[in-house]
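Please read the structure below before turning to the comments.
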Amino acid sequence: MEKDYNEVKTKKQLVEDEKQSLSEQIAQMEKDYNEVKTGKQLVEDEKQSLSEQVLQAEAKYDSLKSEKDTLESKLRESEEKLKQQHSTLLEQIAQMEKDYNEVKTEKQLVDDEKQSLSEQFAQAMKKYDELKSAKEVTDKKFQQIEERMNAESEEFDQIENNLRTENFELKREVVLCKFKLKLITEEEACVELGCDVAGLS
């Protein structure tokens, strides 16, 4: 009976160990499941993101393709314009060469005219220098005359001032004489001389 008990006890222990092992395995499986579930969600999110990126890339591709087609069309138009411009430019160059030859001939005529004008200008400058020299002599004489006139004017002003002073003194003597002879009053004498009564004493 004890033997059976020990066997049962041993089996029970084995069952407990197996149960513990299964519990750990289950826990690990749940953990792995959650990790797989999380990983799957990440994969789904990544897949969604990649799908959006693919759509964006396709949209960009369509846009770039449209731009490329537009640029190619513009390039063809530009090539046609360049061909036309090149043809026009060749015509313009030919016309310019023709015009240049005509201008070259006209330039020779202008140079001849310029030479003639230069000679005329040299003659005119010679006459100008002669007139300038004559003017300097005339200006010098005029300055001497002007200085003489200024000196005479100053002398005349001095004479005029002296006469004015002498005339006033003479008038003063006459007024004083009239006052002393009682021919005029002090007030009348002051009015004539432009002074106050005290100035007659």
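In the UniProt record's numbering, the protein residues as written are 1 to 201. C-beta atoms are modelled at their ideal positions from N, C-alpha and C, and glycine is treated no differently. From a predicted model like this one, the values you see are computed outputs, not experimental measurements.
For residue i, which of helix, strand or coil comes out of DSSP?
| i | result |
| --- | --- |
| residue 182 | coil |
| residue 177 | helix |
| residue 190 | helix |
Decide if residue i is buried, meaning its Cβ has at least 16 other Cβ atoms within 10 Å, or exposed.
| i | result |
| --- | --- |
| residue 175 | buried |
| residue 122 | exposed |
| residue 189 | buried |
| residue 187 | exposed |
Cβ pair count under 8 angstroms reaching 3, the stretch 142 to 150 against the stretch 161 to 168: no
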